[in-house]
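The structure appears below as structure tokens.
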DNA sequence: GATGAATGAGTATTCATTCAT
DNA sequence: GATGAATGAATACTCATTCAT
């Protein structure tokens, strides 16, 4: 009779690789997981396939990840870190007084570039799977922070005085995120990612312009 | 959607129900499938559960659907039909000469209403699962048609003469679809679906206004 | 991402077989499980082996038992039922006024016969595995009832007036149970099960005789 | 004990620790194993857990024990040694002419004390696992020796002349061992280990008294 | 000698699908 | 037409054991 444990599901990596060798293994696993999930989707991306593609035994996979979900979570965290690295500089420019108008293109281009790299994987990461509540909350928090910063930046801009900066900011963020996903992950034929970025920028500009108090 | 192989796989309903009783059974199955997929997701929504909830034996389910994917496909078709039914009148108004400005709100409201009904199901139908290529193409075709119609309507509008009607139309459609999904399926806290619709409308209006040739 | 259910572990049979065919399957499975556990022990008695020996697919096993433990539980219940069936008549004789001295031999013989049938299985059922708390409690309850009945019977016996009937009864039950297990499940060489029964009877008789208030 | 196959399998410690450090390691491993088996049972007591708890790498564990079973065997031997150490003096008293009646209480108390120390471990050692045949035989031999000695002692006792000293001795040993296990490892609520010892002593006394030739 | 990364056969369990009744 | 018992390939995951460093 198996003992009745309390099944607390861990999602953090199981142990930190200490030797150089294992560091390599973990990286190979994450890389393999990204490819496998991208090609097969999450459900059909089996742990055995991931291990195989990583050139590693299934046992090694489970030495570093307590379960399949943990791999996904690690991938999401990786993406988050990359996103922050790409966005942080722009946000600092914004807070440093640069005009929203100037920063916007860079933000959008960064977002588009970020997603264009491995569109299938992003689909899996953010659409196909139901992320665990903790991670979901983490992402939502992050977005809220972005919204907050954007709201402040937009409110400060002397030329644009939006009536409801918070809502405007939320829509702006959603538009950027939503359209990037929509257009980059499933690009309509005959539309370059360059054109996509351009249109997103125009869209946001137009929206903000409309939503402000012209003071007339 | 599970398989990556390319076996010969039928996705059409196995046989058309001819008697009233069968008709009822099929409807019960689709309704049950919608509920089960909404609650459990596609992968965890087992055919046995669907059959059980439909009050029908698993054997009967397979009498009408050759496999699990076929149920999903039927559900997508159903959704498509409903969408068309909701959108067609507006499109006809558009083609009949009504101003895009007038029709836009109705379109957006229709879209939002369509998705607000069973958000979880829509997530499953359009995000969680990798639709079979044929269906995917079908959906894309449909969207292309919408784009085409919208392009014509926008181009015809005497007050708005967009520089690239086709691209503008595509963006408009994507914005409506993308934001509806993004905002309705995972609504930010404190934002009503009414507000969402309003902002989408504003967004599109602003964009079109910007994108036109003012003739100055 | 798999949905996070609350893992309540069921141990009851999964569904009651409704057709005659499945009744047969369940019986074959239990019989096979008894043999497999007896030969290999619980841990090494795999579900696949059980299914194979039952001449049934592994899927069928899980159609009737939600997990491996449930099979063990069913086996214990089966044994319990058989034990009660064998013991009940004697207990009724006891309560009906028959002398403890007369009934004792029959009880011991019944116990020995019960265990001599599949000793290895009983070892697995009651020694090797840590039974789930509910079942453990059930067994303890049963034993407590036996103790209670024995205590009453012994107390009533005019010839035996034990000082502490409850404790004496407990020891008597434990002796019968403990020695049956010890001697039947791992019989010393050269001792027949007949001799074992005889000695157990003597032991209990001597004990009770000693433990009574001689009234001197 | 897992394997049912009969591979060539070493169960002796792999190498005798020669340096003081190694001696310490082996002791730490056995101590850890005892704790881990007591807490988790044999099957769930993994070698990695044992090594971890011993503060030793898994590699080191296998330096001293060829496999998991060998650890169990070592533990059994350890227990045997302790048992002999506790029992030997009493047996010598017996052979030295002390009355069985006088020695019995000390034997029983020694047995109870021995088992009360780590009941869970004893359950694992002697009930949960199917000991390898060699060890099983070793244990049985030991018991036979005890029986022999007891038989001689009992036969010699001028006051007790049992009809079949060998059988009586066997029953006595079994009673002591069986009831100790039964009552110490799974004590009925409300019964102290002191009371248990007392009742076992009484039981054996009564039995021997009954089983002797009164000479009438 | 010690370490711990790597291994992979083996385990319980699920679920889409078939087919005898 | 309907039923539901039966199937078994496939999956996530474990753990005793090895061996390069």
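Chains as they are written, first to last, in this note's numbering: chain A, 1 to 216; chain B, 1001 to 1216; chain C, 2001 to 2216; chain D, 3001 to 3216.
Ideal placement from N, C-alpha and C gives every residue a C-beta, glycine not left out.
List the endpoints of the continuous alpha helix (DSSP H) containing residue i.
| i | result |
| --- | --- |
| residue 2184(C) | Element bounds for residue 2184(C): n/a, residue is neither H nor E. |
| residue 1046(B) | Neither: residue 1046(B) is in no alpha helix (DSSP H) and is coded neither H nor E. |
| residue 3170(D) | 3165-3179 |
| residue 1059(B) | 1058-1064 |
Please name the residue, chosen from the options, that lies closest to residue i on a Cα-to-Cα basis.
| i | options | result |
| --- | --- | --- |
| residue 1137(B) | 1128(B), 1204(B) and 1076(B) | 1076(B) |
| residue 3121(D) | 3049(D), 3132(D) and 3185(D) | 3185(D) |
| residue 1049(B) | 1043(B), 1036(B), 1116(B) and 1042(B) | 1036(B) |
| residue 1170(B) | 29(A), 168(A), 164(A) and 183(A) | 183(A) |
| residue 2012(C) | 2052(C), 2027(C) and 2073(C) | 2073(C) |
| residue 2105(C) | 2040(C), 2087(C), 2190(C) and 2118(C) | 2087(C) |
| residue 3111(D) | 3201(D), 3130(D) and 3208(D) | 3201(D) |
| residue 80(A) | 209(A), 197(A) and 142(A) | 142(A) |
| residue 2123(C) | 2134(C), 2109(C), 2180(C) and 2167(C) | 2180(C) |
| residue 196(A) | 63(A), 115(A), 51(A) and 28(A) | 115(A) |
| residue 2177(C) | 2108(C), 2167(C) and 2189(C) | 2108(C) |
| residue 3191(D) | 2168(C), 2209(C) and 2126(C) | 2168(C) |
| residue 2083(C) | 2117(C), 2058(C) and 2052(C) | 2117(C) |
| residue 163(A) | 193(A), 208(A), 125(A) and 126(A) | 208(A) |
| residue 2144(C) | 3127(D), 3131(D) and 3189(D) | 3189(D) |
| residue 61(A) | 96(A), 23(A) and 98(A) | 23(A) |
| residue 3039(D) | 3125(D), 3131(D) and 3210(D) | 3125(D) |
CB-CB under 6 angstroms to residue i, same chain, minus the five flanking residues each way: which ones, in chain order?
| i | result |
| --- | --- |
| residue 1146(B) | 1173 |
| residue 3045(D) | 3036 and 3037 |
| residue 2187(C) | none |
| residue 139(A) | none |
| residue 155(A) | 165 |
| residue 134(A) | none |
| residue 1054(B) | 1028, 1029 and 1032 |
In chain order, what residues of the same chain have a beta carbon less than 8 angstroms from the beta carbon of residue i, not counting five sequence neighbours either side?
| i | result |
| --- | --- |
| residue 2094(C) | 2100, 2103, 2149, 2150 and 2153 |
| residue 3010(D) | 3066, 3067 and 3070 |
| residue 2(A) | For residue 2(A), the predicted model reports a pLDDT of 49, less than 50, meaning its position is unreliable and no value from the coordinates is stated. |
| residue 78(A) | 30 |
| residue 4(A) | Residue confidence is low: residue 4(A) scores 44 on pLDDT, short of 50, so the model does not pin down where it sits. Its coordinate-derived value is still stated next. Within the same chain, residue 4(A) has no close Cβ partners at all. |
| residue 203(A) | 175 and 179 |
| residue 1113(B) | 1086 |
| residue 2034(C) | 2075, 2118 and 2121 |
| residue 1205(B) | 1101 and 1104 |
| residue 1198(B) | none |
Take residue i and list the residues in its own chain whose beta-carbon comes closer than 7 angstroms to its own, dropping the five residues that flank it on each side.
| i | result |
| --- | --- |
| residue 2119(C) | 2184 and 2185 |
| residue 90(A) | 103, 106, 107 and 110 |
| residue 1056(B) | 1025, 1028 and 1029 |
| residue 47(A) | 58, 61 and 68 |
| residue 3006(D) | With a pLDDT of 43 at residue 3006(D), under the threshold of 50, the predicted position of this residue should be treated as unreliable, though the coordinate-derived value follows. Closer than 7 angstroms at Cβ, skipping near neighbours: no residue. |
Whole alpha helix (DSSP H) elements within the segment 2090-2154 of chain C, 4-residue minimum: For the segment 2090-2154 of chain C, whole alpha helix (DSSP H) runs of length 4 or above, ordered along the chain, are 2100-2116 and 2119-2123.
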